[in-house]
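Protein sequence lines correspond, in order, to chains A, B and C. Under our numbering, the final residue of the first sequence carries the number 328; numbering is consecutive throughout. Under our numbering, the final residue of the second sequence carries the number 255; numbering is consecutive throughout. Under our numbering, the final residue of the third sequence carries the number 847; numbering is consecutive throughout. Every residue gets a Cβ at the ideal spot worked out from N, C-alpha and C, and that includes glycine. All values reported here derive from a predicted model rather than from experimental measurement. Take a look at the structure set out below.
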Amino acid sequence: MTVLAVVEHDRGIITTASFGVLTAARNLAKQMGAKFEALTIGANADALSEVISKYGASTIHQAHHQALIDFGPEAWGESIAQVVRKTSPQVVISSGTERGHEIIAQAAARLDLPAAMNCLEFDKDFNGTQPLKVVRARWGGSLMEESQIDAPIKLVTLANHIVEPQEELSTAPATVLAIDVDLDDSVTQSFVQDRVERVAGVTLATSPVVVSGGRGVGSAEAFAPLEELAGLLNGVVGCSRAVTNNGWRNHTDQVGQTGTRIAPDIYIACGISGAIQHWVGAMASKNILAINIDAQANIVTKAGYAVIGDLHVVVPAISAEIRRRRNL
Amino acid sequence: MNILVCVKRVPAPGARINITSDGQQVDTAFLGFTVSPHEECAVEQAVQLVEKHGGEVTVLTLGPAEAQEQLRTAVSTGAVKAVLVPIDTTDWDPQRTAQAIATVITELEATNGKYDLILFGNESADSCGYQVGIRAALKLDRPIVNGAKGLDIENSVAVIRRESDAGVEIYKLKTPACVGVKEGINLPRYPTMKGRLASKKVEITQSTASGEVGGLKLIMLRRPPERASNTKILGNGPEAASAVVDLLEELGVFK
Amino acid sequence: MSEFPTKAKCVVIGAGIVGNCLVGHLAKLGWTDMVQIDKGPLPNPGGSTGHASNFIFPTDHNKEMALLTLASQKQYIEMGMNNTCGGIEVARNPERLEEFNRRMTSAKSWGIDAKLLSPAEVKELVPFINEKIVLGGFYTPSVSCVDSLQTGTLMREGAVKSGNLNVFANTEVLDLEVENGTIKAVVTNKGRIEAEYVVVACGVWSPRIAKMAGANIPLTPAVHQMADVGPIDILQKSNAEVAYPIVRDMDTFCYERQTAGSMEVGSYAHRAIFMHPDDIPSNEASALSPTELPLTQDDFDPQMEQAIELMEMLGDAEIKYAINGLLSLTPDAMPVLGETVEVKNLWSAAAVWIKEGPGIAQLVAEWMTYGYPHLCDPHSSDISRFYAHEKTEHHIYARCDEHFNKTYGIVHPREQWATQRNMRRSPFYAREEAAGATFFDARGWERPQWFASNEKLVKKFASACEPRAHEWDARWWSPITNAEHLQMRESVGMVDLTAFNEFDFTGPGTMKFLQYMCVNNVDVEVGRSVYTPLLTPGGGFRGDLTIMRLGTDHFRVITGAFDGGRDNYWFNRHMPQDGSVKFTDMSSSLCTIGVWGPNAEKTMAKATQNINAEGKLVPFDVSQKNFPYGSVRDVLIDGVPATMFRISYVGENGWEVYTKMEHGLRMWDSIAKAGEEFEVIPVGMGVYAVTGRIEKGYRLMGAELESEYNPVEAGLNRAKVKTADFIGKAEYLKAREEKPCAIMCTLEMIDNTSKSGIKRFPTGGNEPILTNTGERIVDTKGRVSRVTTAGAAPSLGKYLLLAYLTPEHAVEGNELRVMYMNELFPVRVARVGSQPLFDPTDARMKS
């Protein structure tokens, strides 16, 4: 029996989500008394294998094809499908990211197998022979679904940040197996054709400080004090869905289930009520400071810290205090 | 250019989602319903594309009879044709859904010709399955890319922009093609009163399809454990500024 | 935030417009140690206040509602929360133009500046309106938009700052504890508070909360649909929250109100949609708020078409926000205020809308402080007005379903309910039905208003029974009433008075108790009776009734159907707690027939027997000598034990005859048979309550008699004041010392021919009495002269009006004007005070 971890990487650089996947796959394999194997797709496979072996995979499959130099969801999905057909694992697991969901869905479609995305837990009694019970996230994490995958091969993605990555302490070197996959024209057009690299600097997704505004801000212009505070803290400005719906800010600034999910050191939520669709995007923040006129607003009760007051007065006062302490 | 957009009827919940006592569904007794947000944007994108390039937009949903409401909403914002694939529950599993949709699309195309583009939402807001569009595209033998935050047509090629940690990726798919659209690609318009009234008159085509039950079975829904509130109030009004900056210093985000 | 208290003087549940203003007013009136709780967050806990459209159209035909609305608007102005924008009601149908004339009249009564507009004038004020479909407008410049959330916040914070109030949001009431019929404590998710007073100001949740104490607040949450559409260019360019007058499209039951750059379209045209208070979702589970439910689009579609018809620009505006908003509806469309009848010190301040919120808060605060409000009589809002069957969900849903679409409707003052009829029938119903009775509803009772069987008398009295030319005046009216009136005055008539309430008081403390309740001395001989007002602590009218003394310690109170609930509460609220008085409600046990007219005595002489000293059945002597006016006797009528009470409300010799319900039909038939030779007829309430009464100048509780007026002003003060203490005595004595600044008068219309040549008949719906130059007459206490009752006086050949006048105008022969349908008609003061115009010496009653 085998648990196969599909390793997500971007042109040879392994993604952080993959470490959680490797850890989870190893744990599941141990529980099942199964082998833990990994799969890399395309370029830079050897370097990847080196990283992967630290997590205790016994075998690393390297899918190779001349077209696999960059990411292509269909080609990747087809590659997984071919490896799965060849190795017949009991469980195939990849990361709960945009790419992870996409390639597992592609593979599942090609194998005509079910797939469960964003799994939070796997059945502790699963031994590889019965249907696999999972708990997975719905509604962006505000609801949980217990479901059962009834198929000989179970395809899943692991919800991000749910398993703490842990290297295996003592590992035997992994066996590396190169597999040449067969990709026809039908899957090779959906590769990345071009890209615009992100310019250096913080983004909403990566900034350690996010100053965010909600309906309570009142207008596009009224975001100026939030911009100022974010600037003083080298952070960025975010917003709730109400704000983008009102056209006050671009959707790129939106934090939430359908916007960006963030995990900054501190999230300063100004005039945000804390509706669930927003909360699920912000709840991974390490600290949350709510500034709200309403002491009973949802966000205030959920936040670690709060200031009760009008954001239009409080935010400028914080900026002023920062400037004072910096002698600006 | 003809575009088909597949949409799903989903509830519009509040800060707490209640579940029916049998654990099988979201309790929607007092909830409104909406087109799932990614798909709302897909409709808007389709409408913008036909406004630019000509053609028409058709919307399709697989859902209960009430999902006509969402089809009409799409019509009130610019779609002109609507197809309902009626089912007697709120939804089907992803495999079955994809199969039914593909069957109906094949039938529609047999009479109307191929759609240049078939748009899906990246994932539905409620079940978050991330797979129906991909499965349907494969059955229709058409390429698909998910996560589109930009979509245009240039010389029968769909140019898709998608965000990643490293920047923006660009994909190009020859039409006919499928695309999974993400919210943020545009700001969808609201229906106008006139649009709403006009949408009442549109005839909704009903197309039945079966589809085999897939292997992912719902056991039950439950709510995540509540987090106890332990909020530290730093103060009231601007007087709290000093305490806030103390906190920022303590957290190391302000040096 | 302070710690959750375990004790308080008063707990107010609810932090909407009512709860907030109530704590503010209570604090101003000296209340301390108050706690206010709400299950939602602040400042918007999620009730109806949070999504209210917040505008005030002050004109109302109902005096109580008009005064409360004006008082509220005044408070909004004082707090700087009133944004005057003007408002126009527009007509699409000709009937509506007639209604506007009526509204002009009511506006005049309450001193509200108003104007009728042509379609072109409407267009001038609202340039985006389609004036082609508008027939005219009723314009009120003082219409305003208010900030109800901020007003409430200021009121609440004022009470907090004064140190008299602690506020706890997110605090849900789990139970109300009652001990010995008195409220004891409020149990919440934050802890238990013992409280002397508890006020339920929970809007749509009120029934649910009251039920925890076993009390009933009869209202239902109901949907009012609205949508916010925009942006709209012309509105955006106005750069104001409301630059254009609010438009009420009266004939489509719809309004358009600017909210900055967009327009709010609201509707009262859709089907009535109710929700049970227990089913309202929590704050957490609601997408917007518990009272902002998802729009049921199909219900709203017809309104959108009508809105676009009126303002084409709305068609292309985007629908940004659309809800099924919840508000409170009651069976009679009036608020539910006062102490609950079931639980002492548990108060209701419910079914209140934004426009009347602050005023009602003031009224309830006064009520709680002084024992009765000062602002105005809460007669039609009083929670104790409801009878048992009116508090059921069945009744609430049926009546609310019926009146919801009348929110903007044209409702006739005499308009009858279509639903929930035949709830209560007298034993005579079958006979009345056979006689072709047209039944009017009296709090569930079916009462004949007139009888088709008397139509032949219309010819007999043709000159007094002319039909009314104007449909409005003739609506819910028949010339048969005048014919019945004259026939009764000529011979004899039988009136079904079963709707009366009879309350029996027995026990050793009864005399003392009733002396304390009543103005007049009840210590009369057994077998005699007393007419008496009941007063508020402020000396105004609280009740008006008669009492029979049936035994040394046995008194029977008789009161009308419309005040039975209120009087029942008032007596019970003041009953001694020592058990010395026993109360028995006999209303469902007894039926009553009024037999009146010159031949009443002959009729009853034939019908009545009793058992003499020898134990023999003999005819009973009903002569005035043996059975004088005002006395009570037990008799047998065809073997049926009955009680006869020689009294009259119509100015004729005769009796109210009481018996048990099950004997009623036999008694009816016996009296009818005895009266056959005198051509006895059944007589409807049209005579009893209007024509017969007004000829005699008899006052009616809720019309002439209100808590704003005292017995001196009403002309009901007696020569002497009894020595025993009674409620309101001090104020009554004071009033007797002062020269009254208003006096109840009877006026006659000099000429009721309108400009169009049609004779008009005011309905008695608060039409203003004006000087000859058309000025309002306002007394030194600020009360306006207006018609309290209007009706024909067939025996006098006049059309009479009752109204309070200031002393300078209260001069017999003085000519004044009455405004009716926006037209002035000359009237003359025919009588100052209570002496009847018809038979001034009451000779007919006593001979």
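CB contact below 8 Å: residue i versus chain C
i	result
Ala116 of chain A	no
Ala151 of chain A	no
Asp310 of chain A	no
Gln296 of chain A	yes
Leu221 of chain B	no
Among the options, nearest to residue i - alpha-carbon criterion
i	options	result
Cys376 of chain C	C:Gly702, C:Lys190 and C:Arg421	C:Gly702
Gly692 of chain C	C:Glu490, C:Glu812, C:Pro641 and C:Leu716	C:Glu490
Glu706 of chain C	C:Val687, C:Thr536 and C:Leu837	C:Thr536
Glu339 of chain C	C:His470, C:Glu695 and C:Thr182	C:Thr182
Ile510 of chain C	C:Phe583, C:Asp175 and C:Arg633	Per the sequence shown, residue 510 of chain C should be read as Thr rather than Ile. Among C:Phe583, C:Asp175 and C:Arg633, the Cα nearest to that of Thr510 of chain C belongs to C:Phe583.
Leu796 of chain C	C:Asn189, C:Asn482, C:Gln609 and C:Ala365	C:Asn482
Met661 of chain C	C:Cys591, C:Phe645 and C:Ala689	C:Cys591
Glu3 of chain C	C:Trp110, C:Tyr397 and C:Thr171	C:Thr171
Thr103 of chain B	B:Val43, B:Gly150 and B:Glu212	B:Glu212
Beta carbon proximity, residue i to chain A, threshold 8 Å
i	result
Ala15 of chain C	no
Ala240 of chain C	no
Ala914 of chain C	Only positions 1 to 847 of chain C appear in the structure, and residue 914 of chain C is not among them; the question remains open.
Gln257 of chain B	Look at the range of chain B in this structure, 1 to 255, and you will see that residue 257 of chain B is not part of it.
Asp126 of chain B	yes
Beta carbon proximity, residue i to chain B, threshold 8 Å
i	result
Glu321 of chain A	yes
Ile41 of chain A	no
Met511 of chain C	no
Val11 of chain C	no
Ile276 of chain A	yes
Burial state of residue i (16 or more Cβ within 10 Å)
i	result
Met1 of chain C	Because Met1 of chain C carries a pLDDT of 47, less than 50, the predicted location of this residue cannot be relied on, and no value is offered for it.
Asp441 of chain C	buried
Gly191 of chain C	exposed
Asn230 of chain B	exposed
Met332 of chain C	The amino acid at residue 332 of chain C is misidentified as Met; the sequence shows Asp. Counting Cβ neighbours within 10 Å, Asp332 of chain C comes out buried, since at least 16 surround it.
Gln131 of chain B	buried
His723 of chain C	His is not the amino acid found at residue 723 of chain C; the sequence shown has Thr there. Exposed, since its Cβ has fewer than 16 Cβ neighbours within 10 Å.
Gly80 of chain C	exposed
Asp779 of chain C	buried
If contact is defined by three or more beta carbon pairs under 8 Å, each pair taking one atom from either stretch, is the stretch 172–182 of chain B in contact with the stretch 131–144 of chain B? yes
Quick one: any contact between the stretch 83–91 of chain C and the stretch 235–246 of chain C, if contact means 3 or more CB pairs under 8 Å? yes
Are three or more beta carbon pairs between the stretch 9–23 of chain A and the stretch 91–101 of chain A nearer than 8 Å? yes
State whether the stretch 811–826 of chain C contacts the stretch 89–105 of chain C, with contact taken as three or more CB pairs (one from each stretch) at a distance under 8 Å. yes
Can you pull out the residues from the stretch 101–128 of chain A whose beta carbon lies closer than 7 Å to at least one beta carbon of chain B? His101, Glu102, Ala105, Gln106, Ala108, Ala109, Arg110, Leu113, Pro114, Ala115, Ala116, Met117 and Asn118
Segment contact flag, the stretch 194–206 of chain C with the stretch 3–14 of chain C, C-beta cutoff 8 Å, min 3 pairs: yes
Counting pairs of beta carbons, one from the stretch 248–262 of chain C and one from the stretch 341–352 of chain C, are three or more of them closer than 8 Å? no
Are at least three pairs of beta-carbons, each pair with one atom in the stretch 411–426 of chain C and one in the stretch 471–479 of chain C, less than 8 Å apart? yes
Quick one: which residues of the stretch 61–79 of chain B get their C-beta closer than 9 Å to a C-beta of chain A? List them in chain order. none
Between the stretch 752–768 of chain C and the stretch 728–739 of chain C, do at least 3 Cβ pairs fall closer than 8 Å? no
Check whether the stretch 18–35 of chain C and the stretch 204–218 of chain C touch, using three or more Cβ-Cβ pairs below 8 Å as the test. no
Using 8 Å as the Cβ pair cut-off and three pairs as the minimum, do the stretch 64–75 of chain A and the stretch 183–203 of chain A touch? yes
Residues of the stretch 290–308 of chain C with a CB closer than 8 Å to any CB of chain B: list them in chain order, please. Leu293, Pro294, Leu295, Gln297, Asp301, Met304, Glu305, Ala307 and Ile308
Could you name the residues of the stretch 175–196 of chain B whose beta carbon sits closer than 8 Å to any beta carbon of chain C, in the order they occur along the chain? Arg189, Tyr190, Pro191, Thr192, Met193, Lys194 and Arg196
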